[in-house]
Structures are given as structure tokens and as C-alpha cells.
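Position 259 (the sequence shown) corresponds to 642 in the working numbering; numbering is contiguous.
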Amino acid sequence: MLNARHAIYVYKALCEQQQVATKMTFEQIATLYSDYANRAVSTELHPNDVMYNTGPSHYFNVGKSGVQAILTGLSLSWRSQVMTVLDLPCGHGRVGRHLRQLFPNAELFYCDIDAEGADFCARAFGGKAIHSKADLLQVDLPKKLDMIWVGSLFTHVDKRRTDAWLHYLADHLSDHGVLVATFHGYFTGKNTKFHGGVDEARVRREFETTGFGYSRYTTLAGVEDYGLSLSKPSAVLDIADTIPGVRASYIERGWANNHDVLVINKNDRLATLG
Ligand SMILES: C[S@@+](CC[C@H](N)C(=O)[O-])C[C@H]1O[C@@H](n2cnc3c(N)ncnc32)[C@H](O)[C@@H]1O
384 MLNARHAIYV YKALCEQQQV ATKMTFEQIA TLYSDYANRA VSTELHPNDV MYNTGPSHYF
444 NVGKSGVQAI LTGLSLSWRS QVMTVLDLPC GHGRVGRHLR QLFPNAELFY CDIDAEGADF
504 CARAFGGKAI HSKADLLQVD LPKKLDMIWV GSLFTHVDKR RTDAWLHYLA DHLSDHGVLV
564 ATFHGYFTGK NTKFHGGVDE ARVRREFETT GFGYSRYTTL AGVEDYGLSL SKPSAVLDIA
624 DTIPGVRASY IERGWANNHD VLVINKNDRL ATLG
């Protein structure tokens, strides 16, 4: 005889078979979070991890906040389980180390243009390294990803690349897969210190006039077209609006009470009811 738990399991298996969307319940999200909180996050650090310059407390809290943003994104989606995850750009694992504890059985891909960072994350947290390129469109990424976390990449490139790369990444999501990406919105714009030779006046002017401002770092050696961007929620959602077959949501200051967060779920906004 079936008990309630078996019945839910059988129902979910049938839904998967028939490609019917079952939302992850709040109870399931809460379980993912409490299981994560009960596991120890790796404290292994890479000596070149510049993100750690803020000190251990901020570093680990920002990582944990990444988990909260990801689970918020999942709660807005129709994905019922997460088995493949891309962390792009992974840096030296400020969030990536938490992803391993959040999704202990998932296949994790750690991608960064800094090959040393990607290799470190893959080895230290258990995953595969992907060495990125200046143009993300030239990088061969795995298909059918259930979760793509983009912590602070679009915050450093212009609108043209943001648009093209968001389309490219959305194309790599599985059915109902979720992309959670961060942006410098109003709050960061008010509080961030412009450095690295960025033309602050230009970024602010473009932010006001077009909703998306960008200027290159000019004093950092070895970087090409990489700098600082500020974007309004409306400008980011306008881009998301042009991605076919998805639904978009936006959370202001959703990461570390600082960066804004865009959530894209691969579930057609025009799908029929029922
Ligand atoms: C602000 S850091 C964020 C790193 C990490 N997500 C974190 O929260 O610590 C930005 C990262 O973007 C990486 N990056 C820059 N351009 C990239 C590209 N085209 N593809 C992949 N990673 C890139 C840099 O190497 C750097 O690690």
C-alpha cells in the first residue's frame, strides 16, 4: 500500500516522465537550506583569492548570501531538482565552496578566465574546471544546466556583452533550469568606490540616460575590455525580455544586501495554462 511519501515520489516521477512542471515546494527549499547549514563549508583558501581581502567574516557571509539568492531563485522557478551547476565566474570559490555543500550530489562546473581559480575550485570542492575566454561566446559550456550562478560578471562588462552572454547562458539551461545573476543596481551605484581608472562620470551619465553604464579599468595590467558597470532593474529586465522561452524575476539588493539579482527560469512565459 502507498503511504503519502511514496505517493508524492510516484507523482513526481510521473511528472518528470511527462515533462510536467512541478515547482519545488517551500518545504523542499527549507530542507535544502537546513541540510546545507548543517554541513561544514570548506575553509581551504587560495593565496591569490583577492576576495578574501575583506576578511573571513565578510567573505563567508557573502558566500552564504549567494546560497540564499540561489534558493530564492529556485523558489521562483519550476525546477524540482538540481543535478548540474555552473559557477561562472567562480573566482577562487567565495560562493563555489558553498555550492558543494548546498548540492552535495550535483555535478559542479567551475568556470573562470583565471584558470588558476577554476582549477583550484574544481580540485578543492570537487568539480570540473572550465577555462573561460574574454568572449564568453567562444567558451564551450555544458548543455542542460539546472542552475547557473553568475556572481559578479555582468557587473564588469558592458550592455552589449551582458545581452549576448545572457542569451548564450539561457541557451545552456535544462528544461526549467534557473540562472541567477548579479548586477550593480541603484544601491551599489550610490555606495561603490570607483577605482582602476574607471571613468565614473561616463558610467553615471550612461546609467541615467540608457539605464546601463560601463567604463573600462585603465590602470589594471593584463585586462582587456573589463571594467565596472551600473544597471537599472528596468534595463536588465528589458534584456531578459528579449530572451525567448523563459520567465524573469528581479530582486533588488538580493546578494549580500548589495548586488541586485536577476532570475531567469527556462519555462516559456507564453506556455499554455494547465
Ligand atoms: C568580482 S570577481 C567575482 C568572483 C566570484 N564570483 C566571487 O564572488 O568571488 C570577477 C571574476 O570574473 C572573472 N572573469 C572576468 N572576465 C571573465 C570571463 N570573460 N569569463 C569568465 N570569468 C571572467 C575574473 O577572473 C574574476 O574572478
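All C-beta atoms in this analysis are idealised placements derived from N, C-alpha and C, irrespective of residue type, glycine included. If you're wondering where the values come from, they're calculated on a predicted model, not measured in any experiment.
* Name the DSSP beta bridge partners of residue 470, please? -> 493, 532
* With a cut-off of 8 angstroms, do at least 3 Cβ pairs link the segment 482-494 to the segment 459-473? -> yes
* Three-state secondary structure (DSSP) at residue 406? -> coil
* **Given 8 angstroms, three or more beta-carbon pairs between the segment 536-549 and the segment 607-622** => Counting Cβ pairs under 8 angstroms, three or more are found: they touch.
* To do: Examine the Cβ distances between the segment 436-444 and the segment 491-508 and report whether three or more of them are shorter than 8 angstroms.
  => no
* To do: Look up residue 644 in the DSSP assignment and give the residues it is bridged to.
  => 565, 634
* Return yes when the C-beta of residue 497 is under 6 angstroms from any heavy atom of ligand 1, and no when it is not. => Residue side-chain check: residue 497 places its Cβ nearer than 6 angstroms to a non-hydrogen atom of ligand 1.
* Asked: Shortest alpha-carbon distance to residue 473 belongs to which of 586, 513, 457?
  -> 513
* Classify residue 517 as helix, strand or coil using the three-state DSSP reduction. => coil
* To do: Find the nearest neighbour of residue 475 within the set 590, 508, 460, 453, judged by alpha-carbon distance.
  => 508
* How should residue 433 be labelled, buried or exposed, when 16 other C-beta atoms within 10 angstroms of its C-beta is the threshold for buried? -> exposed
* Asked: In its own chain, which residues sit with a C-beta less than 6 angstroms from the C-beta of residue 626, not counting the 5 before and 5 after it?
  -> 550, 553
* **residue 726 - containing beta strand (DSSP E), residue span** => Nothing in the structure corresponds to residue 726, since the chain is present only between 384 and 657.
* To do: Could you check the C-alpha separation between residue 620 and residue 633 for me, to the nearest Å?
  => In this structure, the CA atom of residue 620 is about 8 angstroms from the CA atom of residue 633.
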